[in-house]
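Below you'll find the structure, written out as structure tokens, and then a few comments.
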Amino acid sequence: MERTFLMIKPDGVQRGLIGEIVKRFELKGFQLHACKLVRVKKEQAEKHYEELKDKPFFGELVQFITAGPVFAMVWAGDEVVSLSRSMMGKTKVLESQPGTIRGDYALHTGTNIIHGSDSPASAEREIANFFAPDEIVDYDKIIQRWM
Ligand code: RTP
Ligand code: MG
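Per this note's numbering, the sequence shown starts with residue 929, numbered consecutively.
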């Protein structure tokens, strides 16, 4: 089953949005396989965002993501990478549509509430950066899809 790494960023945790965000993914039908509240270390944040290391905002991004606890999660399900990205909304605040998490709750691009992996390969790399294998509970869905 496809997996993704989702992370409620420090702004989302401080604003009390953990329950609201978890609820959206549960109601969509995805399976939660792991979650924890964690303070991200600087090296861990740099590794997480390594593809952006040459961007002018990289330093501030790392500073922001390490500024307070985050809520890290592993979710599983069919097409979970792309479907969760559409539920999150676009990166830039002016492009994130109402009805999406960022569209509903984010006012600035830099503080946009949630991270989601952009491909299944990124997801596996990001999961390994945050979770030990024994922290992840893999299980089948009892009710199977029929179409
Ligand atoms: P994320 O990795 O956090 O889920 O966000 P994303 O895929 O939608 O966007 P990405 O390009 O990976 O950028 C990571 C985070 O950096 C900030 N950002 N600022 N000023 C800018 O143009 C800009 N572009 C990106 C955002 O906070 C974004 O979530
Ligand atoms: Mg990204």
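Note that the Cβ used here is the ideal one computed from N, Cα and C, for glycine as well.
Each of I993, D982, H961, D1032 was checked against the Cα of E971, and the nearest Cα belongs to I993.
Here A1000 is not near K951, since their CB atoms are 7 Å or more apart. At a threshold of 6 Å, D1046 counts as near the ligand MG, since its beta carbon sits closer than that to one of the ligand's heavy atoms.
At a Cβ-Cβ threshold of 7 Å, I1064 and G940 do not count as neighbours.
Unbroken alpha helix (DSSP H) stretches of 4 residues or longer found wholly inside the region 966 to 1054: 970 to 976, 986 to 993, 1008 to 1016, 1029 to 1033, given in chain order.
If you ignore the 5 residues before and after P1048, its C-beta comes within less than 7 Å of the C-beta of E930, V1009, all in its own chain and listed in chain order. Taking a contact as a CB-CB distance under 8 Å, the pair S1045 and F953 does not count as one, their CB atoms being some 13 Å apart. Counted as a single uninterrupted DSSP element, the beta strand (DSSP E) harbouring F933 occupies residues 931 to 936. A distance below 7 Å separates the beta carbons of R1030 and G1017. In terms of CA proximity to D1006, W1074 leads the group V1021, M935, P997, W1074.
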